[in-house]
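Comments concern the structure below.
Numbering (the working numbering), first residue to last: 910 to 1149.
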């Protein structure tokens, strides 16, 4: 059974979230601490989405995110952070940790539901069948399988967050063409107003590092955005 996991130490907020999520047709499972939430995942399997309070007693939402991203079974689980910290740097750090969205408390429940729906839609498998040739995107040492949601560099698999995967998929699909930060925001995050262009830079930096010896192919175009160069002379680019 697919469910949304909610972990927050505020009982009243948990009640509100459970009621509204279930009214939208989602199955939910909620906990007030991370230990119980992680045990539930071990027993029941990965959730369709995890809604995590950043500041939790015991195991924090940040630590839960680390653990989910470290396990193969939950590596691609969408994660939405809830936090009272609303500064830009806090949001950037949240996305750098691997979150798919970051919602600041207090929030409008309706807006939260829309953003959850957007995150789930971004991670959904396309309904139309895709040919094997179109499932694979290639660029030098880089190979990306869209259906399996896997990436390899020189036949060694690279673990990426869902945002990093989306960024690479966009750049691979338009290799050789410059993509502005605004365009990458719209494609990888769905254009959320609370996500800033600096967040793109942070995730591109992490993506380049994870690509290792193939990272040089991801070019920074000063003042504009990024480009994935798969052949020819590398120019006009510089590392972050």
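Virtual Cβ for every residue (Gly too), placed ideally from N, Cα, C.
Delimiting residues of the beta strand (DSSP E) encompassing residue i
i            : result
residue 1135 : 1134-1137
residue 1129 : 1127-1130
residue 1109 : Taken as a continuous stretch (DSSP letters only), residue 1109 belongs to no beta strand (DSSP E), being part of the alpha helix (DSSP H) at 1106-1120.
residue 1066 : 1065-1067
Under 8 Å between C-beta atoms of residue i and residue j
i            : j            : result
residue 1047 : residue 1137 : no
residue 1111 : residue 990  : no
residue 1090 : residue 1134 : yes
residue 920  : residue 941  : yes
residue 1009 : residue 987  : yes
residue 1053 : residue 1113 : no
residue 961  : residue 913  : no
Rounded C-alpha distance that separates residue i from residue j
i            : j            : result
residue 974  : residue 1025 : 17 Å
residue 915  : residue 978  : 17 Å
residue 983  : residue 1006 : 15 Å
residue 936  : residue 1012 : 21 Å
residue 1051 : residue 1068 : 13 Å
residue 1027 : residue 971  : 22 Å
residue 1073 : residue 1115 : 8 Å
residue 926  : residue 1088 : 37 Å
Start-to-end residues for the alpha helix (DSSP H) that takes in residue i
i            : result
residue 1074 : 1071-1082
residue 1055 : No alpha helix (DSSP H) holds residue 1055; DSSP gives it neither H nor E.
residue 977  : 970-979
residue 936  : First-last for residue 936: undefined, no H or E at that position.
Query - Three or more C-beta pairs below 8 Å linking the stretch 1008-1020 and the stretch 1046-1060 - result: no
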